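Residue numbers (the numbering used here): 10 to 166.
Every residue gets a Cβ at the ideal spot worked out from N, C-alpha and C, and that includes glycine.
The structure presented is a predicted model; accordingly, all values stated were derived computationally and were not measured.
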Amino acid sequence: MTHRISAYLDTHLIPYRVIEHVESQSSLGSAYFSQIPLPQLAKAVMLEDHESKRLMAVLPANYKISLSRLNDALKRRFHLMKERQVYRLFADCSPGAVPPIAEAYHLDIVYDDLLLNLPHVYIESGDHRHLLQLDQSDFRQLMEDAKHLRFSHETFH
């Protein structure tokens with residue numbers, strides 16, 4: 010786990026449990042090795058608009074973002090950020106292990122309503138060996154200032 014993430018959660022008094030797992034380069038692998046249901050793993054997708062304003066979209070790991078649905082709802086035109094931009098923005102994290110904690114990086118955030126109906130939400134910690142488990146109430150506290158709506162569709166693994 011990165012220092013920035015642990016410091017943010019501790020400062021904001023958000024309880025979490027660290028789940029260690031075999032190193033994995035994918036959310037599917039992380040869920041498998043951690044023995045957690047894939048729908049309970051939240052992933053962060055980084056977006057940018059034509060004015061270079063960034064937005065972190067958080068959704069279940071087994072879902073894909075619908076940019077058209079999100080753009081229509083927010084009345085904006087976001088596109089996926091280039092990977093190298095994401096790596097620079099999250100330089101303290103392992104590539105591909107973006108923690109969905111936007112405020113720690115001074116970013117705007119939106120999350121999918123599907124994450125509201127889960128007993129626990131698991132998130133990346135910034136590396137490929139640990140996930141963080143949050144109870145639903147703690148996830149809501151983490152996302153208290155975030156917009157939320159439905160903007161994803163299921164994929165099958």
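query: Asp-121: buried (16+ other C-beta within 10 angstroms of its C-beta) or exposed?
result: Locating residue 121 in the sequence shown gives position 112, counting from the first residue. The residue in question, Asp-121, is buried, as its Cβ has 16 or more Cβ neighbours within 10 Å.
field: Where Gln-142 falls: helix, strand or coil (DSSP)
entry: Your numbering for residue 142 matches position 133 in the sequence shown. Correct three-state label for Gln-142: strand.
- request: Return the Cβ separation of Ser-36 and Leu-50 in integer angstroms, given the expectation that the two are a contact with Cβ distance under 8 Å.
  value: In the sequence shown, the residue the question calls residue 36 occupies position 27. In the sequence shown, the residue the question calls residue 50 occupies position 41. Yes, they are in contact, since the Cβ atoms of Ser-36 and Leu-50 sit about 6 Å apart, within 8 Å.
field: Close beta carbons around Ser-39, own chain, < 7 Å, minus the five adjacent residues each side
entry: Position 30 of the sequence shown, counting from 1, holds the residue named residue 39. Excluding positions up to five away in sequence, the list reads His-30, Ser-33, Leu-50, Leu-140.
query: From Pro-48 to Arg-93, what distance separates their C-alpha atoms?
result: Your numbering for residue 48 matches position 39 in the sequence shown. Your numbering for residue 93 matches position 84 in the sequence shown. Spanning the two alpha carbons is a distance of roughly 27 Å.
query: Whose CA, out of Lys-91, Ala-70, Arg-85, lies closest to the CA of His-59?
result: Taking the sequence shown and counting its residues from 1, the one referred to as residue 59 is at position 50. Checking every option, the nearest Cα to that of His-59 belongs to Arg-85.
task: Along the alpha helix (DSSP H) that carries Ala-70, what are the first and last residues, could you check?
output: Within the sequence shown, the letter at position 61 stands for residue 70. Unbroken run through Ala-70: none, as it is neither H nor E.
query: Just how far apart, CA to CA, sit Asn-126 and Lys-91?
result: The sequence position of residue 126 within the sequence shown is 117, counting from 1. The sequence position of residue 91 within the sequence shown is 82, counting from 1. Looking at the two C-alpha atoms, the distance is approximately 31 Å.
field: Element boundaries [beta strand (DSSP E), containing Ile-14]
entry: Along the sequence shown, read from residue 1 onward, the residue named residue 14 stands at position 5. Not the beta strand (DSSP E): Ile-14 falls in the alpha helix (DSSP H), residues 12-20.
query: Nearest-angstrom Cα distance between Asp-154 and Asp-117?
result: Position 145 of the sequence shown, counted from the start, is the residue given in the question as residue 154. Position 108 of the sequence shown, counted from the start, is the residue given in the question as residue 117. Roughly 9 Å between the two C-alpha positions.
- request: Taking Ser-43 as the reference, give the member of Ile-132, Ser-146, Arg-97 with the closest Cα.
  value: Locating residue 43 in the sequence shown gives position 34, counting from the first residue. Measuring from the Cα of Ser-43, the nearest candidate turns out to be Ile-132.
task: Sort Lys-73, Ala-66, Phe-99 by Cα distance to Leu-83 and report the nearest one.
output: One-based indexing of the sequence shown puts residue 83 at position 74. Closest by alpha carbon: Ala-66.
Whole-Å CB distance - Leu-56 paired with His-88, under 8 Å assumed: Walking along the sequence shown from the start, residue 56 turns up at place 47. Walking along the sequence shown from the start, residue 88 turns up at place 79. Confirmed, about 7 Å.
message: With distance defined between alpha-carbon atoms, name the residue in Leu-98, Ser-134, Asn-80, Pro-128 nearest to Pro-109.
response: Working through the sequence shown from its first residue, we reach residue 109 at position 100. Considering only alpha carbons, the answer is Ser-134.
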